[in-house]
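**Q** The opening position of the sequence shown corresponds to residue 4 in the working numbering, with each subsequent residue numbered one higher. Just so you know, even glycine gets a beta-carbon here, dropped at the ideal spot from N, CA and C.
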Amino acid sequence: MDMADDKPMTGAQGVARALVEAGIEVVTGMPGGATGSIYDALIPYQDRLRVVLMREEALGSCLAEAYGRLTSKPAVVMGQGAWVLTNAGAGIVEAYAGCSPMIILVDFSEGGAYSHHAPYQSGAGHYGSFDTQRGFEAITKRTFVARDPVQAVQLTQLAYKHAVTGAPGPVAVIFEGAALSRPIETSGRPAIHWGASYLANANLVPNDDSLDAAAAALRVANRPVIISGNGTRLSGAGDVLLKFAEALDIPVATTAAGKSTFPEDHALSAGTIGPFGNDWANSLLGDADLVLAVGTRLSPSDLANENPKMLDPERQVLIQIDIDPLNASWTQPAAHALVADARQVLQSLRQRLPEATTGGVGRVEAARKAHGFHAETLGGAENPVHARHAVAVLSDALPDDAIITCDAGENRLFMLHDFRANGRRRFLQPNATGGMGYSIPAALGARVADPGAPVFAVCGDGGYGMTMHGLMSALEENLPIVVVVLNNNALGWVYHGQGTTKIASKLAEFNLSAIASAIGCWSIRVQDEAELRAAIPQALAAGRPAVIEVLTSLQDTFMDAMSAVARAR
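#1: Roughly how many angstroms lie between the CA atoms of residue 389 and residue 453, to the nearest whole one?
#2: What do you reckon, are the CB atoms on residue 440 and residue 70 nearer than 8 angstroms?
#3: Can you grab the Cα-Cα spacing for the pair residue 21 / residue 333, in whole Å?
#4: In three-state terms, what does DSSP make of residue 380?
#5: So who's on the other strand from residue 145, going by DSSP bridges?
#6: So, does the segment 274–284 touch the segment 553–570, judging by three or more C-beta pairs under 8 angstroms?
#7: Taking all protein chains shown into account, do 16 or more other C-beta atoms lie within 10 angstroms of the C-beta of residue 16, making it buried, or fewer, making it exposed?
#8: Any idea if residue 329 is buried or exposed, counting beta-carbon neighbours within 10 angstroms, 16 or more meaning buried?
#9: So residue 106 is in the alpha helix (DSSP H); what residue range does that whole segment cover?
#10: For residue 83, I'd like the list of residues in its chain whose CB is within less than 7 angstroms of its CB, leaving aside the five on either flank, ordered along the chain.
#11: Nearest-angstrom Cα distance between residue 493 and residue 537?
#12: Ignoring anything shorter than 3 residues or poking outside the segment 21–64, list the beta strand (DSSP E) runs there in chain order.
#13: Does the count of Cβ pairs from the segment 403–417 and the segment 459–470 closer than 8 angstroms reach three?
#14: Figure out for me which residue from 248, 535, 232 and 89 has the closest Cα to the Cα of residue 393.
#15: Tell me the start and end of each unbroken beta strand (DSSP E) in the segment 370–422 that is at least 3 residues and wholly inside, in chain order.
#16: Going by C-alpha to C-alpha distance, which of 444, 53 and 391 sits closest to residue 555?
#17: Helix, strand or coil for residue 459, going by three-state DSSP, please let me know.
#18: What is the DSSP secondary structure of residue 81, reduced to helix, strand or coil?
#19: Taking the beta strand (DSSP E) that residue 552 belongs to, which residues open and close that run?
#20: Which residue comes first and which comes last in the alpha helix (DSSP H) that contains residue 499?
#21: Considering only C-alpha positions, which residue in the set 68, 135 and 93 is nearest to residue 105?
#22: Tell me which same chain residues have a C-beta within less than 6 angstroms of the C-beta of residue 528, skipping the five on either side of it?
#23: Going by Cα to Cα distance, which pick from 260, 179 and 339 is closest to residue 216?
#24: For residue 386, which residues of its own chain have a beta-carbon under 7 angstroms away from its beta-carbon, when the five flanking residues on both sides are left out?
#25: Is the beta carbon of residue 415 less than 8 angstroms from the beta carbon of residue 250?
#26: Under three-state DSSP, which class holds residue 509?
#27: Just to check, is the beta-carbon of residue 288 closer than 7 angstroms to a non-hydrogen atom of the ligand ZN?
#28: Take residue 161 and list the residues in its own chain whose beta-carbon comes closer than 6 angstroms to its own, dropping the five residues that flank it on each side.
#29: In or out: residue 418 buried (at least 16 other Cβ within 10 Å) or exposed?
#30: Here's a check: name, in chain order, each residue in its chain whose Cβ is nearer than 6 angstroms to the Cβ of residue 320, leaving out the five neighbours to either side.
#31: Which word fits residue 152, buried or exposed, when buried means at least 16 other C-beta atoms lie within 10 angstroms of its C-beta?
#32: Please classify residue 262 as buried or exposed, where buried requires at least 16 neighbouring CB atoms within 10 angstroms.
#33: For residue 360, which residues from the same chain have a beta carbon less than 6 angstroms from its beta carbon, with the 5 sequence-adjacent residues on both sides left out?
#34: Mind reading off the beta-carbon distance from residue 238 to residue 72? Whole number of angstroms is fine, and I expect it under 8 angstroms.
#35: Taking residue 226 as the reference, give the member of 232, 254, 175 and 50 with the closest Cα.
#36: Leaving out five residues before and five after residue 331 in sequence, what residues of the same chain have Cβ atoms less than 7 angstroms from its Cβ?
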């Protein structure tokens, strides 16, 4: 499309142009209210970006969150304000708390001159109507309101800048109807500056003294350990981290959110820390004399409620790398806080450090032997299969370049604890809010982000029931994913947490694979390890969305995946 500066255009057309110039590649959601005019304005740009229609707004926001986490680029979630605020809140909150870039474009549906009389669907915030702006302000990094066409364009540009600068996150722009329908006045002020350079974000760089001091601490450490968090993924620093660890012989543990930022079949992989992580990882971390935390807030959820047996700044030197100065020394006092992009800091530190030997490989192997790493090869002949045994099959049989998205509940804990993010596997879980129903729309986002990768969504029957309509969108948008449902007819974590008295935790028995088949998916129902292993290549070869329903017992519980340090607290 011709994007000449002097071509007359409406606010909606200007917003569409701003998105294209910003390099936006994905717009998802459902047209509604005044945003329909932006969807219309995107028609000429379909060779530049992809519009992904979702069956419901929450599917779109979770798709966008996973896409943002995997690519470090914001997707746009767009639709009518009321329903993006309410229905799509799950994915937006996940992006906000978990630092995934996202742009949200919605309207007030305010009714123009009648907005103060509370017309149908109005979110203007006047008496008798709900307040769209206050709602989004509670769940986004920033919320802007556009009341005229120039503001519509400029605030869309600003939304991109805020979404990707510093700690990324979701940014909302709410449009009044006139901001989209009226023509842009090109002769007045403020003037619109077209072009991507207007959106450039400035990177922070630590000063040389800070880098030198951190490097000096690393140079004299005897038992250093690295913790890699989700910030490593967002920074695209995985390859730099791998070379850094190998050159300095330092074991690398990951947080739950950072799982797969370091390959877990590497000799320096310490596994995943935390209450549902691996005992060898927690042990290595607790034994360290220096901890280099890369792209992690060091949340209480990662440190078993700040257990000093895992991390104690009183006895360990803590170096923390974070892109947000407010996160550095937030939860734990860091001796050295390096505020900048993780990739950039690791490269700068490496330039200051010679290759070294700290016995890292030997320390990892010793910790694995001491805490049963090799003994945790699970397997059995149960029918129905135990859930952890099913996860062990997935760990062994999924391709090394697969993207795996998890859900909430016990199934996520088993995946976190027992699944190995080997090779080039990428592992996503709802790492901030833990909502059920995340895995299927997140898998759609992963497929959009990397069309050539095999993508698996692993969920329980509870999460599957919440978002199985996402399979309709998967079929419509030609997004072949494989959904593995661990079906125990229960909300497992709730059920096992209730003891002998049960309430609101058992689910009725449904043939979930038959439901999938009825809408056009390839599907199969299995109930032992051999059948599950055989179903995986069949599902991948189907060439369309596929569902593997695994009938599992209630034998395994969340306690089985709990680490020793969490049990002892």
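**A** For this structure:
#1: 32 angstroms
#2: No, Cβ-Cβ distance for residue 440 and residue 70 is not below 8 angstroms.
#3: Going from the Cα of residue 21 to the Cα of residue 333 covers about 36 angstroms.
#4: Confidence at residue 380 is low in this model, with a pLDDT of 48, below 50, so its placement is unreliable and the value that follows should be read with caution. Coil, per DSSP.
#5: 174
#6: yes
#7: buried
#8: exposed
#9: Careful: residue 106 lies outside any alpha helix (DSSP H), inside the beta strand (DSSP E) at 105–110.
#10: 35, 36, 38, 109, 110 and 112
#11: Cα-Cα distance, rounded: 26 angstroms.
#12: Runs of the beta strand (DSSP E) inside the segment 21–64: 29–33 and 53–56.
#13: Touching, per the Cβ criterion.
#14: 535
#15: 406–409
#16: Comparing Cα positions, the closest option is 391.
#17: strand
#18: strand
#19: 549–554
#20: 495–500
#21: It is 68.
#22: 516 and 552
#23: 339
#24: 530 and 531
#25: no
#26: Reduced to three states, the DSSP call for residue 509 is strand.
#27: The ligand ZN is not part of the structure shown, which contains no ligands of any sort.
#28: none
#29: buried
#30: 220, 293 and 338
#31: buried
#32: buried
#33: 252
#34: Rounded, the Cβ-Cβ distance is 12 angstroms, inconsistent with contact.
#35: The residue with the shortest Cα to Cα distance from residue 226 is 254.
#36: 323, 325, 337, 340 and 342
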